[in-house]
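Novice:
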Amino acid sequence: MSQKKVSQKKPPFAVMLVNLGTPDAPTPAAVRKYLAEFLWDRRVVDVPRPLWWMILHGIILRTRPGRVAHNYQQVWTEQGSPLLAISRQQQQALQARLQDELGETIPVLLAMTYGSPSMEDAGRELRRLGVERLLVLPLYPQFSATTTAAAFDRLAASLKRCPHWPELRFIRDYHQHPAYIRALAQSVRQAWHQQGQEAAKLVMSFHGIPERYARQGDPYPRHCEATAKALADELGLRSDQWLLTYQSRFGKEPWLQPYTDATLEQLGSEKLRGLSVICPGFSADCLETLEEIEGENREIFEQAGGSDFSYVPALNDRPEHIQMMVELVLQHSQGW
Ligand SMILES: C=CC1=C(C)c2cc3[nH]c(cc4nc(cc5[nH]c(cc1n2)c(C)c5CCC(=O)O)C(CCC(=O)O)=C4C)c(C)c3C=C
Ligand SMILES: [Fe+2]
Ligand SMILES: [Fe+2]
């Protein structure tokens, strides 16, 4: 969006939406560059550096980018990567809604932890606008050190050589926020209304992390469990109507379980008719939802014998999602 159109009067504060980041193009070279930055972060992979450098550069970055670039090609849009295109829509919609709500321009910037737009890009824009207070909203409803803390590290690194710090507030998570749970429930009800009936089962699939990280204290699985339970309660589901699973496993060590793909294979083999999958931890549709769930996991379920699969899209720029962001911003900017 055109951040240059913002008026010259100093805004009372600005909001920075943060998400993971995505390759610049669905090509092996661009995916290699993205994975090289992302997978080098110790918050993401904590294997000792010399060994990890050899594995990453000697094996993973030689073999994975070709296959993953092919996957990105399946979901790429005219506006580029879905994650970036949808994040831009969220940015525009939030700025417009804040303008309506507060009657003044609150600049909303977008920054990615990896790749572009970078935190430095956002920092330059903040300086141009004369912003002195910054509210950072990482679009990860559930806290994990692998995502939320990594975003914080990246922000701190971008400020290391910055002589003009803004006052900072950082939203840690919103995994049980009523407006978030309501928005998720509404998206499920709408999907079921459009398909003419409720699904027999709702699978709530979250991105996984290594089990070891949770044992070391990452509260992420507790946050996912709380979100899933709150969503099930909001929808009035019985305990046999929903399941919590974890997707996107990477590497050889055990990740959080049950795994989404194994669960869907099992449900398919039981000849389940009517399965909806929602991914509440993804605020924007991306490779992991569109290709892995709507593509790959649908196929696993159907090939095992299941039928009537549906994927409930991420909250993206749905009005209830943007309203939730407005509520978070108003709550966390008090006194500014
Ligand atoms: C290697 C370890 C990984 C951890 C830990 C991890 C945690 C994690 N990731 C997300 C959200 C997203 N991940 C996405 C892609 C993606 N994730 C990993 C690895 C880990 N993620 C990889 C290697 C990739 C790239 C694709 C691939 O090579 O398979 C994305 C999608 C990005 C896009 O461009 O669309 C998101 C979003 C969360 C929420 C999370 C922990 C809670
Ligand atoms: Fe990931
Ligand atoms: Fe994946």
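Under my numbering, the first residue of the sequence shown is numbered 6, with each subsequent residue one higher. Ideal Cβ placement from N, Cα and C applies to all residues, glycine included.
Return the chain-ordered list of same chain residues with a C-beta closer than 7 Å to the C-beta of Gly-300, the five sequence neighbours on each side being excluded.
Specialist: Here the set comprises Gln-79.
Novice: May I ask you to report which of helix, strand or coil DSSP gives Ser-253?
Specialist: Here Ser-253 sits in coil by DSSP.
Novice: Tell me the DSSP secondary structure of Ser-123 in three-state form.
Specialist: Reduced to three states, the DSSP call for Ser-123 is coil.
Novice: Should Leu-292 be listed as close to ligand 3, given that the test is whether its C-beta is under 7 Å from any heavy atom?
Specialist: Within the cutoff, so yes.
Novice: Using only the alpha-carbon positions, how far apart do Gln-328 and Trp-58 sit?
Specialist: Spanning the two alpha carbons is a distance of roughly 43 Å.
Novice: Give me the DSSP bridge partner(s) of Met-59.
Specialist: None, per the DSSP bridge assignment.
Novice: Please decide whether Trp-341 counts as near chain C, where near means a Cβ-Cβ distance under 8 Å.
Specialist: Among the chains in the structure shown there is no chain C, since it carries only a single protein chain.
Novice: Can you give me the C-alpha to C-alpha distance between Asp-178 and Glu-275, rounded to a whole angstrom?
Specialist: Asp-178 and Glu-275: Cα-Cα distance of roughly 36 Å.
Novice: Closer than 7 Å by C-beta to Lys-9: which residues in its own chain qualify, once you throw out the five before and the five after it? Chain order, please.
Specialist: No answer about Lys-9 holds up, because its pLDDT of 48 lies below 50 and its placement is not dependable.
Novice: Per DSSP, what kind of secondary structure is Arg-217 in: helix, strand or coil?
Specialist: Here Arg-217 sits in helix by DSSP.
Novice: Quick one: what does DSSP say Trp-45 is sitting in, helix, strand or coil?
Specialist: Coil, per DSSP.
Novice: Straight-line CA distance for Asp-290 to Arg-133?
Specialist: Those two C-alpha atoms are separated by around 31 Å.
Novice: Give me the Cα-Cα distance between Gln-336 and His-182, rounded to the nearest whole angstrom.
Specialist: Roughly 11 Å separates the two Cα atoms.
Novice: Excluding the 5 residues preceding and the 5 following Gln-100 in the sequence, name in chain order all residues of the same chain whose CB lies nearer than 6 Å to its CB.
Specialist: So the list reads Val-113, once near-sequence residues are dropped.
Novice: Give the range of the alpha helix (DSSP H) segment to which His-228 is assigned.
Specialist: 225-240 is the extent of the alpha helix (DSSP H) around His-228.
Novice: How would you label Ala-74, buried or exposed, when you count the other beta carbons within 10 angstroms and need 16 or more for buried?
Specialist: Buried is the call here.
Novice: Starting from Ser-343, trace the beta strand (DSSP E) in both directions and tell me its first and last residue.
Specialist: With the chain running from 6 to 341 in the structure shown, residue 343 is simply not present.
Novice: Whose CA, out of Ala-235, Glu-230, Ala-150, Phe-255, lies closest to the CA of Tyr-218?
Specialist: Closest by alpha carbon: Ala-150.
Novice: Just the C-alpha distance for Leu-44 and Leu-61, rounded to the nearest angstrom, thanks.
Specialist: Looking at the two C-alpha atoms, the distance is approximately 8 Å.
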